[in-house]
Each structure stands twice: as C-alpha cells, then as structure tokens.
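Note that the numbering used here has the sequence shown beginning at 1289, numbered continuously upward.
Here's the structure, in structure tokens; my notes come after.
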Amino acid sequence: MRLRALLETDALGLRLLGGGDELDRAVRGVMTTDLRDPSRYLSGGELVLTGLAWRRGAADSESFVRILAGAGVAALAAGEAELGDIPDDLVLACARHRMPLFAVHESVAFATITEHVVRQVSGERAGDLAAVVDRHRRMMTSGPAGGGPDVVLDLLGSDLDLRAWVLSPAGRLVAGPGSGGPRLPADVRARLAAEHLAAVRGARRGPYRVVVGGTTYSLFPVRGGGRAPAAPRDVRETVLSDWLLAVEADAGDWPAERLDLLQGVTQLIAVERDRRDAARTVRRRLAQEVLELVRTGAAPAEIAARLRVAAPVLLPGLGAAPHWQVVVARVEWADGDVEGGPVAQSLLEEILVDPLSSGPEPSDRIAVAHTGGEAVALVPLPSVSAEHDGSEGGLAADALLEAVRAPLSAGLDDDGRLTLGVSAAVHSAEGLRGALEEARHARRVAAARPGRVCAAGHQELASHVLLLPFVPDDVRRAFTARLLDPLRDYDRRHRAELIPTLEAFLDSDGSWTRCATRLHLHVNTLRYRVGRIEQLTGRDLSRLEDKLDFFLALRMS
1289 MRLRALLETD ALGLRLLGGG DELDRAVRGV MTTDLRDPSR YLSGGELVLT
1339 GLAWRRGAAD SESFVRILAG AGVAALAAGE AELGDIPDDL VLACARHRMP
1389 LFAVHESVAF ATITEHVVRQ VSGERAGDLA AVVDRHRRMM TSGPAGGGPD
1439 VVLDLLGSDL DLRAWVLSPA GRLVAGPGSG GPRLPADVRA RLAAEHLAAV
1489 RGARRGPYRV VVGGTTYSLF PVRGGGRAPA APRDVRETVL SDWLLAVEAD
1539 AGDWPAERLD LLQGVTQLIA VERDRRDAAR TVRRRLAQEV LELVRTGAAP
1589 AEIAARLRVA APVLLPGLGA APHWQVVVAR VEWADGDVEG GPVAQSLLEE
1639 ILVDPLSSGP EPSDRIAVAH TGGEAVALVP LPSVSAEHDG SEGGLAADAL
1689 LEAVRAPLSA GLDDDGRLTL GVSAAVHSAE GLRGALEEAR HARRVAAARP
1739 GRVCAAGHQE LASHVLLLPF VPDDVRRAFT ARLLDPLRDY DRRHRAELIP
1789 TLEAFLDSDG SWTRCATRLH LHVNTLRYRV GRIEQLTGRD LSRLEDKLDF
1839 FLALRMS
C-alpha cells in the first residue's frame, strides 16, 4: 500500500507534517518503537509509530531520524498524546532526511493503525502471490520452466511469512525453503507424515492441524493427477504415494482467500509430482523388461545385454558395470478390493530413496516394476572389488524401513500390510534369477512375522532353512553361489586351490595338523589359505554356523 492511502483514511487520524512529495512510497509493514536506536528491528519499508519517549532533547531528533532513513523506513508517525504537539526539531530533522512525517491524533490508538496496515499489506501480498502462483502453474503445465515447487515455497516465505515444506508420505523432504531457510528435523517430518496419513485414512477434511513440539502445523494434501479432494476412488490407491504440504501455521484461523491460495499452491506442486512420476516411465519399462527376461528363463547373455542398456540410465556417469540387488515388496489390504502391485511400486520408489536425501535426484537411480500383487525393484550399486561377492554394503532390509515404519503404519491403518524382502548383491546376469527368488523368499519370511510393516534380508535365510523342502532351488543356488563364487573366481585367477583347501579343512573337522598333512602343506600355508577364504566370504571358520553353511554349500554345488 502507499502512504497516500493512509493519509486518505479518515479513521486513522493522520495529519501530514512534511514530505508531501514522498506519498507514493510503498508501505510493506508497521513497527511501534520508543527505542533510541531501533535499527536492528528494521528491514525497510516500514511505517514507524512512536510516542516520542526516546526524546530527551532537541538533538535526539536528528539522531533518531537519521537511523530511520538509513534503514529505509517509509515514513514516521508520531503520537500527540505525550507532548500535545510534535516538536519542531523533529519536523526539521524529517525534512532534512526526506522522511515523511505524520502526526497521530491522541484519540487514535497505535493498535488501530497497526491492524489497518497489516490487513491491507497482507491482502495485497496475498493477491500478488496468487497471481505469481497462477502464472507459475501455467508455466509448469506447459513445460519445466517454472523452476519447481522450491520457488513457490520461497515466495510463501518472503511474501506471506509462511514456512512450508513438501514431504513424501514417508516423511522425506521433497522441497523446502532455499539455502539458509529453516530446516525440518527428520523426527518432525516422520511425525507430520504419520499424522497426515492417519488423517487421510480417517477421511478427515484437509488441511489437518497438528502440534509437534509445541509448534502448530497445517498439512495440505497434494493430490496428483488433477484429482479433486473428493475424487470418487479408493483412497488406498494413492495414500502411500501422494505428497503433502506442511505449513508452519494454524490454518484454522485463515480467511477463505488464504486457504484458496494454499490450495492453488498444492495444485501447482501436484503438477510437478505428476511430471516426476512420468519421468520414471523409462526406468519402470527397463525394470519390467529385465524382470520378464529373468522370469521366463532367458539366456544370461540376453539379460546381460539388457542390463548394459539399463546401467547408464540408472547410474548416469558411472563407467563400470554395477552390481545389482533385487527388492520385492507386497502391499495387501484386508478386503482385497485394491490392487497391491501399483501401490507397492510407488511405495518402493519412495522408500528406496535415502530418507536423509532431499529432492528427486536419488530416485533417478531406481527402477521398479510390478507384476500381479507384488513390486520388484532392480537396484544398481557401484561396482565392488572383484575379490568380494558384493554381499557387504548395499541395501539392508530392516534399515530401509527403520525411518519410515511409523508413517507407513499410519497409512496402512488396521487393514493394510507391507512386507519386503531384499536379496544379496549379484554381479552378473546369471545371478539375477537367484536374487529374485531370494528376495521373494525373504519377503515370505517377513510375512510370517507380526506387524503392519515387516522386512527380511538375505542374511536371515539361515542354512538350516535351506534344508526345508519348500525353499525354491533358485534360492539354494543363490546361497551356494554367494558363498563359493568368490573362492572359485579367486582360484581361477590365482590357482590358489581355496575350494579344495576348504573341503579338506571341513573333512578334517577343523584340525590344522590333520588338514595340513592331508594337503601336504605347511601349517602356516594352510592358515594363510583359510584366512583368505574368510576374507573373501566374510565368514569365520571357527564358528559352527559358518562351518555348517560351507558344508551345505559344497554338498549342494
């Protein structure tokens, strides 16, 4: 608003004492002060209201006005209640510094002026921001020139003093204020996501009001695909994939205009959500093609050729061929009315992203397909040493769900369940079929456990489980290959005879002397070979469980 508009509002009781040629200055805020130096609280563009309590003598006026002018204040309004008239020294000081000066009648409270200015400025800002949001929405609808949701969140902060963040349903930060802006701790994000999912499943009408750590947040659903809030479809189809906008404010007291503005912001973010989802189409297709080849028993060379195509897309800039892990997930609803495959696919694309990362970029390295009721993710890992089997590092089953268990449990409510299995890493096309079956079997192990969200990894497929008749042959082969392939590869390169050494050591019941005699080796040479076996496999041949695993692997190979 302009100074001229204030002067023309009779209810404010303002009288112009100087600066008539500056009345087109814009007012961006209001501040009441009687400090001798209020500069630390000024940001420019304010109408400063003062009762003149800072003035002890005529010389004080010059210093006070000089400080206001240096801070970029729009105008000064002095109350007449304290001195009756505005001192001439203040009028002269304002004239010297080209500072518009108003006298405030003693019958008008500063609170009346403050309320009027705040209402007018907020309304103008909201109108300006609404226009920006509308323009930004049109830009994003026609192409990627809009700059993403971060731009709009920065506008909310700068123009409406609203701190806001876009979160995934698992609590991952998708977008937030720019550099230097306030950060939202991981535990707060997880709590907000859980409250949001619980509200959606409870069919509450948004925005949802949540208090976390004494701070009030309003949560606005971000619904993709242009869906209206009351879209006639089962909410369970999208509850685990739709984003949310978390605003640090209580929207319960907002006027309809501001609520409409925030709804417009969510629609703008939804456009970006749909665009990023569409960008996953290529990766989904690659995963689907590889999965079909693996499932139908295609030749390893054909699968390897497809992997060579997939690797540059999933790991741009990575020169070496990666290792791969397979993750299988299933979302099941009690009544069976909602197909779980697409839900699990969207969910895997979310939880396979590091919860501590922000933005969309990490998801560009994930390819997820769905078939039937399950989703299968093909996860590339950077190459590891050729002398290791890739089982160290990579994805760990329970760690994937640790940060997202609470939000997802809220979204699944009392009628849904998520089970997840993770394979060991494999470094060739030949290992993918075994990895797929291993991940599926691990998921079945997770399904046997209690809880809404459960996971199991390849480490939990203990050797005694492999003796059970229902375990698929591919799982047995994967187990054997994971233990023995590193030793075979090493023997092939170095002629080290680690496999014969392992067999002899087990046949000798772990006796160093008997084994060394049997192999015609010095005991120190035997100890070196056994140490190399342990180093390559990550096992300890002094442990009974590891001895049993090696014994079974050798018998099944």
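Glycine residues also receive a C-beta, built at the ideal position from the N, C-alpha and C atoms.
Quiz item: Quick one: what's got a C-beta closer than 7 Å to Arg1354's C-beta in the same chain, skipping five residues either side?
Solution: His1385
query = Going by beta carbon distance, what residues of the same chain come within less than 8 Å of Ala1592, once the five residues before and after it are set aside?
reply = Ser1716, Ala1717
Locate the beta strand (DSSP E) running through Arg1705, then write down its first and last residues.
1704-1710
**Asked** Apart from the five residues on each side of it in sequence, which residues of its chain come closer than 8 Å, Cβ to Cβ, to Ile1557?
**Response** Pro1437, Val1440, Val1454, Ala1463, Val1510, Trp1531, Leu1533
- prompt: Do you know whose CA, among Arg1831, Gly1699, Met1844, Ala1766, lies nearest Ala1491's CA?
  reply: Gly1699
Spell out a yes or no on whether the segment 1774-1789 and the segment 1741-1750 are touching, meaning 3 or more CB-CB pairs, one atom from each, closer than 8 Å.
Cβ pair count under 8 Å is below three, so no.
Between Val1664 and the rest of its own chain, which residues show a CB-CB distance below 6 Å, the 5 nearest in sequence each way excluded? Leu1579, Val1616, Ala1657
Notebook entry, point to check: Can you give the Cα-Cα distance for His1729 and Ala1766, rounded to whole angstroms?
Noted result: 11 Å
Next on the checklist: In this structure, how does DSSP classify Leu1232 when only helix, strand and coil are distinguished?
Outcome noted: Nothing can be reported for residue 1232: it is not among the residues displayed for the chain, which extend from 1289 to 1845.
Should the segment 1799-1819 be regarded as contacting the segment 1831-1840, the criterion being three or more beta carbon pairs within less than 8 Å?
-> no
What residue range does the alpha helix (DSSP H) around Ile1782 cover? First, the residue type needs correcting, since residue 1782 is His and not Ile in the sequence shown. Taken as a continuous stretch (DSSP letters only), the alpha helix (DSSP H) holding His1782 covers 1761-1782.
Residues bridged to His1658 [DSSP beta-bridge criterion]
Ala1663
Checklist entry - How about the segment 1629-1644 and the segment 1583-1598: do they share at least three Cβ pairs that are nearer than 8 Å? => result Segments in contact, no.
- Exposed or buried, which one is Leu1323 when buried takes at least 16 other CB atoms within 10 Å? exposed
CA nearest to the CA of Arg1568, picked from Ala1537, Ala1544, Leu1581, Val1601: Val1601
Taking 8 Å as the limit between beta carbons, can you name the residues of its chain near Lys1835, skipping five residues before and five after? Leu1794, Gly1798, Leu1829
- prompt: Can you list, in chain order, the residues of its chain whose CB lies under 6 Å from that of Gly1682, leaving out five sequence neighbours each side?
  reply: Sequence-distant Cβ neighbours of Gly1682 in its own chain, meaning closer than 6 Å and more than five residues away, are Gln1613, Leu1669, Ala1713.
**Prompt:** Can you name the start and end residues of the alpha helix (DSSP H) that Arg1731 belongs to?
**Reply:** 1720-1735
Distance check for Glu1536 and Val1336, CA to CA, integer angstroms please.
For Val1336 and Glu1536, the distance between alpha carbons rounds to 28 Å.
Q) Do you know offhand how far Ile1401's Cα is from Phe1352's? A) 21 Å
contact_flag[the segment 1816-1828, the segment 1732-1744] where n(CB pairs < 8 Å) is 3 or more
no
Alpha-carbon spacing of Arg1776 relative to Val1582, whole angstroms
24 Å
TODO: Could you check the C-alpha separation between Asp1773 and Ala1589 for me, to the nearest Å?
DONE: Rounded to whole angstroms, Asp1773 to Ala1589 spans 19 Å at the Cα level.
Q: Less than 8 Å between the CB atoms is what I'm expecting for Arg1290 and Arg1313, so what's the real figure, rounded?
A: 7 Å
| request: Go ahead and pull the three-state DSSP assignment for Thr1526. | output: coil
- [ ] Tell me, to the nearest whole angstrom, how far the beta carbon of Glu1822 is from that of Asp1762; I am working on the premise that it is less than 8 Å.
- [x] Not quite, the Cβ-Cβ distance comes to about 27 Å (not below 8 Å), so this is no contact.
Can you name the residues that DSSP bridges to Glu1620? Arg1705, per the DSSP bridge assignment.
* Asked: From Thr1526, Asp1565, Phe1508, Thr1584, pick the residue whose C-alpha is nearest to that of Asp1548; which is it?
  -> The shortest C-alpha separation from Asp1548 is found at Phe1508.
Please confirm whether Trp1800 and Asp1703 have their CB atoms less than 7 Å apart.
-> Not closer than 7 Å, so no.
Given that a residue counts as buried once 16 or more other Cβ atoms are within 10 Å of its Cβ, and exposed if not, what is Val1631? buried
Item to check | CA-to-CA distance, Ala1586 to Leu1832, given in whole angstroms | outcome: 38 Å
**Q.** Extent of the continuous alpha helix (DSSP H) run through Thr1503
**A.** Membership of Thr1503 in any alpha helix (DSSP H) is not indicated; the residue belongs instead to the beta strand (DSSP E) covering 1503-1510.
(message) With DSSP as the reference, identify every bridge partner of Trp1800, one or two as the case may be.
(response) None; Trp1800 has no bridge partner.
Can you tell which of Arg1493, Asp1522, Glu1525, Asp1541 has the C-alpha that lies nearest to the C-alpha of Thr1504? Asp1541
Quiz prompt | Those residues which DSSP pairs with Trp1453 across a bridge | solution = Ala1534
ask   = Roughly how far, in whole angstroms, is the beta-carbon of Leu1860 from the beta-carbon of Val1619, given that I think they are within contact range, below 8 Å?
value = Nothing can be reported for residue 1860, as the shown portion of the chain is limited to 1289 through 1845.
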